[in-house]
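Keeping their order, the protein sequence lines are chains C and B.
Quick note: the first sequence uses this note's numbering, first residue 1, plus one each step.
Quick note: the second sequence uses this note's numbering, first residue 1, plus one each step.
Beta carbons: idealized from backbone N, C-alpha and C, even for Gly.
In this text the structure is predicted, and so the values were computed from the model without any measurement.
Notes follow once the structure below has been shown.
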Amino acid sequence: MGNALTTRMLIAWLLSGFITFAHAEIVVSHERSGDLIWMDRTGQTVDRQKICNRPRGMALLSQAQRLFVACSDDNMILEIELNTRNLVRQFSDIPGPMSLALFADGERLLVSNEGFASASVIDLRTGEILARVPTGFEPDGVAISESTGHFFVASETNGLVHVFDTRNYREVALIQTNLRPRRLALDEARGELWVSSEMGSRVEIFALQSFEKIDEVIFAPRGFRSEQLTPVDILLPTEGAHAYVALGSANNIVVINRVTREILDYVRVGRRAWGLAQSVDGKLLYVLNGLSDDMTIIDLDTNRPIRTVRTGLVPHAVMVITQ
Amino acid sequence: MKRLTFALFYVLWMLSSPAHATTFEVVIIQSTALEDQSEGLSFAGIPTHPRRPVRRAAELALLESKPTFSAQDISTQLSILDIDPTTPLDSQLIDLSPQQLIILDVPTSMIASIISALANRNLIVANVRHTDTELRDNNCQPHVFHTIPSDRMYFDALSQFLIYRGWRKVLVVRGPKAIDLRRTEALLTSLEKFGASVVDVREFTLSHHPDDRDQNMPEFLTGGASYDVVAVIDSDRDYGRYIQYSTRQARPVVGDVGLTPRAWHPALERYGAPQLNQRYTDLVGGHSEMLGMTDAEFATWAAIKFVTNTLHRRHLNSNVIDLNAIFRDPEGRVDLYKGTRGSFRLWNQQLRQPILLAAESAVIAVAPMPKFLHPAHYVDTLGIDAPESDCKLQQ
Chain C
1 MGNALTTRML IAWLLSGFIT FAHAEIVVSH ERSGDLIWMD RTGQTVDRQK ICNRPRGMAL
61 LSQAQRLFVA CSDDNMILEI ELNTRNLVRQ FSDIPGPMSL ALFADGERLL VSNEGFASAS
121 VIDLRTGEIL ARVPTGFEPD GVAISESTGH FFVASETNGL VHVFDTRNYR EVALIQTNLR
181 PRRLALDEAR GELWVSSEMG SRVEIFALQS FEKIDEVIFA PRGFRSEQLT PVDILLPTEG
241 AHAYVALGSA NNIVVINRVT REILDYVRVG RRAWGLAQSV DGKLLYVLNG LSDDMTIIDL
301 DTNRPIRTVR TGLVPHAVMV ITQ
Chain B
1 MKRLTFALFY VLWMLSSPAH ATTFEVVIIQ STALEDQSEG LSFAGIPTHP RRPVRRAAEL
61 ALLESKPTFS AQDISTQLSI LDIDPTTPLD SQLIDLSPQQ LIILDVPTSM IASIISALAN
121 RNLIVANVRH TDTELRDNNC QPHVFHTIPS DRMYFDALSQ FLIYRGWRKV LVVRGPKAID
181 LRRTEALLTS LEKFGASVVD VREFTLSHHP DDRDQNMPEF LTGGASYDVV AVIDSDRDYG
241 RYIQYSTRQA RPVVGDVGLT PRAWHPALER YGAPQLNQRY TDLVGGHSEM LGMTDAEFAT
301 WAAIKFVTNT LHRRHLNSNV IDLNAIFRDP EGRVDLYKGT RGSFRLWNQQ LRQPILLAAE
361 SAVIAVAPMP KFLHPAHYVD TLGIDAPESD CKLQQ
């Protein structure tokens, strides 16, 4: 009775239109607790929202103020309006969605179908599947290069990055990588594709034009053996001379000079660091720690961790909301 | 429906094989006639430890490898050589060639003769079944690679776990068979290596005769001693099943029952393992998810995936895959879905790998346990190490 009354009052209040939603700058998806946590830039929780089973990859369409979330165990993708955080649309029958990327036209979404050895392209206006392309097993990381008109899907099991044409969805090339390629990051200005090899304990760099391997970065944080270095997320900020890689079970992130590929610093974080994002002003790095259920916030001026905040269960991806 | 579509997708993909320049051939050697069909079953037909032919694990590995091989214009072929024990061995093995990866899944009674029959022929043989440490030590052979862990790897993992937990006083209970005795020796060596103390070693009997009650009643068998944990060696998993919840003192049971060291377990939920388990379930027809791959199946899968993961242009000589170069490549590696990549210890050709410590429906720990450190390799605290052994196959 009391509850019903409170709910009714709350609804009335919501409908009154006076409510202003507290501003969130970052959002974290959680595989195990099935929720999104919205936080301000300091990691303070603004809102927590139960959303679906095993939400993982996310993509942000800032011009439309929309967030897309891959619900892996529900075979669907949710579209959320950023200001109200309301669910506005649901794309069903997308098998095992894992990672997401938006095409530059803002009208198409690329999805890796993890358990189904394929990737899908969804028309965001109609909800129609424009293409479903076969990949190797366990496709994870995706990336879209507007400068070359290609999109990329990494197959973890097969050590392959599949390259497709963004217009006709035909496979144009196959890139062989080291063990278990996970995430892809593009440096369009330098014409580079960075690939993290989780079981090969390195990041490989390929030329966007020729798909030839240019270089690789091998890590050596103190106190860890090579086999314990399991890199996942790579962050190549659009501005700046640095690259950041989360080293997984080695509980560190690494700061790399993007031009010389020299390792500049290691920063100790929580257990099994994998998700990465940078604050809008470029001053903070957010690191998700998948085994310790928390997020480390690093000051990028000093490369020191300044705060660790608790998250939900098994945080997967962190996204910074640009207005 | 979802799974059906998926299965169909696989089948179509398997069938859509264009002509390839190179073929990767896998041959499983087994001997159905020599297998004890009651193995893994206790009295009254109660299943205790499943043993299956490893063929499906080989199929799974080849299926997973297809996109990688296709990218290199390689097709695959799997065949089975079922040994007839009534005809001479050599003539049955005559067609094997160095271009074939040989998966050896024969029972103990045949292992020695077949290993020696396959020697000096430049073959690559993967032992996926036999855990006897001797095969990696004094009896190591240059043509045999072991993807199944040794007894010492299993028991080192278990011993590390006991020390890590602070369960240092161990009561060992063992079966009467020769294999139980051999494995008990391995357990005792492991316990000693990591500093556990063995309170006593006691032998059980299956006989219900009242004269034997000190040996057949778990309460008596585990009485009159002070211990933190009971370690059971019962290769048949027969008597051992009755020890849990019947120990004289309320103590955990580990070894062949209770918390068990395993190369693979279907309850592993990290490191991509659920994906691998799902593919296995899809392939075998998904009603028995919790059974998952046996250790021998996992070892078969790993031997084939080692080729897939290591293969490089430099291993191809005029369209022939040089398996010797692959298995002896210091850069050789395999993604084991256990959090750490696998590679061979070149000196005895044992696949280094983490060992899971599993209860019925959960993986409790993955060894090596924290703070057990080896000077060279993260997982080399598990199993005999080069300085302890006279086996020196490769440097």
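Applying the criterion that 16 or more other CB atoms from any shown protein chain within 10 Å of the CB defines a buried residue, is residue i buried or exposed?
i, result
"E122 (chain B)", "The question names Glu, but residue 122 (chain B) is Asn in the sequence shown. Exposed, because fewer than 16 other Cβ atoms sit within 10 Å of the Cβ of N122 (chain B)."
"H146 (chain B)", "buried"
"E59 (chain B)", "buried"
"N348 (chain B)", "buried"
"F43 (chain B)", "exposed"
"Q249 (chain B)", "exposed"
"E128 (chain C)", "exposed"
Measure the alpha-carbon distance for residue i versus residue j and round it to whole angstroms.
i, j, result
"T340 (chain B)", "P53 (chain B)", "27 Å"
"P237 (chain C)", "T76 (chain B)", "43 Å"
"D40 (chain C)", "A57 (chain B)", "49 Å"
"N34 (chain C)", "A267 (chain B)", "Just to set this straight, residue 34 (chain C) is Gly in the shown sequence, not Asn. Their backbone Cα atoms lie some 21 Å apart in a straight line."
"R304 (chain C)", "G290 (chain C)", "20 Å"
"A173 (chain C)", "H162 (chain C)", "6 Å"
"T133 (chain B)", "H312 (chain B)", "31 Å"
"K211 (chain C)", "V255 (chain C)", "Note that residue 211 (chain C) corresponds to Phe in the displayed sequence, not to Lys. Going by the C-alpha atoms only, they are around 25 Å apart."
"I243 (chain B)", "D140 (chain C)", "45 Å"
"N120 (chain B)", "P142 (chain B)", "9 Å"
"Q257 (chain C)", "R152 (chain B)", "The sequence shown places Asn at residue 257 (chain C), rather than the Gln named in the question. Their backbone Cα atoms lie some 45 Å apart in a straight line."
"I263 (chain C)", "L34 (chain B)", "58 Å"
"I29 (chain B)", "Q92 (chain B)", "10 Å"
"Q325 (chain C)", "Q323 (chain C)", "Because residue 325 (chain C) is not part of the residues shown, which for chain C are 1 to 323, the question remains open."
"V379 (chain B)", "S92 (chain C)", "44 Å"
"D390 (chain B)", "W194 (chain C)", "45 Å"
"V125 (chain B)", "A263 (chain B)", "19 Å"
"A303 (chain B)", "L284 (chain C)", "45 Å"
"M76 (chain C)", "A358 (chain B)", "33 Å"
"L393 (chain B)", "Q275 (chain B)", "35 Å"
"Y337 (chain B)", "A273 (chain B)", "5 Å"
"G292 (chain B)", "Y280 (chain B)", "7 Å"
"E64 (chain B)", "Q278 (chain C)", "36 Å"
Would you please verify whether the beta carbon of residue i is less than 8 Å from any beta carbon of chain C?
i, result
"R165 (chain B)", "no"
"Y245 (chain B)", "no"
"P375 (chain B)", "no"
"D322 (chain B)", "no"
"Q275 (chain B)", "yes"
"Y378 (chain B)", "yes"
"Q353 (chain B)", "no"
"N319 (chain B)", "no"
"Q350 (chain B)", "no"
"R333 (chain B)", "yes"
"V292 (chain B)", "It is worth fixing the name first, because residue 292 (chain B) is Gly in this sequence and not Val. Closer than 8 Å: no."
"G240 (chain B)", "no"
Please report whether the beta-carbon of residue i lies at a distance below 8 Å from any beta-carbon of chain B.
i, result
"Q228 (chain C)", "yes"
"F137 (chain C)", "yes"
"N158 (chain C)", "yes"
"M76 (chain C)", "no"
"S92 (chain C)", "no"
"M98 (chain C)", "no"
"T311 (chain C)", "no"
"R225 (chain C)", "yes"
"S210 (chain C)", "no"
"L174 (chain C)", "yes"
"F18 (chain C)", "Confidence is the limiting factor: at F18 (chain C) the pLDDT is only 47, short of 50, which leaves the residue's position unreliable and the question unanswerable from this model."
"S249 (chain C)", "yes"
"M199 (chain C)", "yes"
Looking at the C-beta of residue i, does it have a partner C-beta in chain A at a distance below 8 Å?
i, result
"T340 (chain B)", "No chain A appears in this structure, whose protein chains are C and B."
Quick one: any contact between the region 270-289 of chain C and the region 246-259 of chain C, if contact means 3 or more CB pairs under 8 Å? yes
Are the region 57-74 of chain C and the region 96-104 of chain C in contact at 8 Å, needing three or more beta carbon pairs? yes
Does the region 320-338 of chain B touch the region 95-102 of chain B, meaning 3 or more C-beta pairs lie closer than 8 Å? yes
Using a Cβ-Cβ cut-off of less than 7 Å, give me the residues of the region 52-71 of chain B that come near chain C, in sequence order. E64, P67, T68, A71
In chain order, what residues of the region 176-192 of chain C put their CB closer than 8 Å to some CB of chain B? Q176, L179, R180
Stretch pair the region 326-334 of chain B + the region 167-182 of chain B: three plus CB contacts closer than 8 Å: no
Using a Cβ-Cβ cutoff of 9 Å, what residues of the region 112-125 of chain C are near chain B? List them in chain order. E114, G115, F116, A117, S118
Give me the subset of the region 142-157 of chain C whose CB atoms are less than 7 Å from a CB atom of chain B, sorted by chain position. S155, E156, T157
Taking only beta carbons into account, state which residues of the region 168-193 of chain B come closer than 9 Å to chain C, listed in chain order. none
Between the region 129-149 of chain C and the region 114-121 of chain C, can you find at least three pairs of beta-carbon atoms closer than 8 Å? yes
Which residues, taken in chain order from the region 299-317 of chain B, show a beta carbon closer than 7 Å to some beta carbon of chain C? N309
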